[in-house]
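Below is one structure, written out as structure tokens; the observations come after it.
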Amino acid sequence: MAAQQLEIDDTTLFDNLDDRQVEFGGRVDGEDYQFAVQYSVIEALSGSQPDGDVEESFRRYRDPITQAALAALANGPDRPIIVISEKDLDQEARA
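If you count the sequence shown from 1, position 43 lands on 28 in the working numbering, and the numbers rise without skipping.
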């Protein structure tokens, strides 16, 4: 069985300042999902708090965020929005 791949729709990137997360849409195996990556994930990847344009930081760390998104999706694809947390980075690193 081939590994799942996430196709991120860059036109859907949205910096949700209130919830401290970047939201985006993506497609996995022909199914559309809504994702949100917490600022703390970007901070863990970069080693510092997102400063200024968090969407640029998202793009810089796109590959590990994509892998963490797949780990988060595996934990419950039936949620209206799949929230990617630092725990998902840990799961991705062990895979």
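Positions of the beta carbon are idealized from the N, C-alpha and C atoms, including for glycine.
Looking at C-alpha atoms only, which residue of the options is the closest neighbour of residue i?
i, options, result
"I27", "V39, Q19 and I67", "V39"
"V7", "T(-4), Q(-11), A59 and E16", "T(-4)"
"D75", "D17, G61, D63 and L55", "L55"
"R44", "Q(-10), F(-1) and Q(-11)", "F(-1)"
"D3", "I67, N60 and A21", "A21"
"E16", "Q(-10), N60 and A29", "Q(-10)"
"E(-8)", "S42, K72, T51 and E41", "T51"
"P62", "S42, E41 and D14", "D14"
Please state if the CB of residue j and the CB of residue i are separated by a distance shorter than 8 Å.
i, j, result
"P65", "Q19", "yes"
"Q23", "S70", "yes"
"S25", "Y46", "no"
"D36", "G11", "no"
"A53", "I67", "no"
Tell me, please, which residues DSSP counts as bridged to residue i.
i, result
"R12", "E(-8) and D17"
"F(-1)", "E8"
"V22", "V7 and I69"
In the DSSP assignment, find the beta strand (DSSP E) that holds residue i and state where it starts and stops.
i, result
"I69", "I67 to I69"
How is the alpha helix (DSSP H) around residue i delimited, first residue to last?
i, result
"D48", "R47 to A59"
"S33", "Looking at the DSSP string, S33 is not in any alpha helix (DSSP H), and its letter there is neither H nor E."
Quick one: does residue i have its CB under 8 Å from some CB of chain C?
i, result
"F43", "Going by chain labels, chain C is absent from the structure shown, which holds only one protein chain."
Regarding residue i and the ligand SAH, is the C-beta to nearest heavy atom distance less than 7 Å?
i, result
"I(-7)", "Judged by which ligands are present, the structure shown has none, so any question about the ligand SAH falls away."
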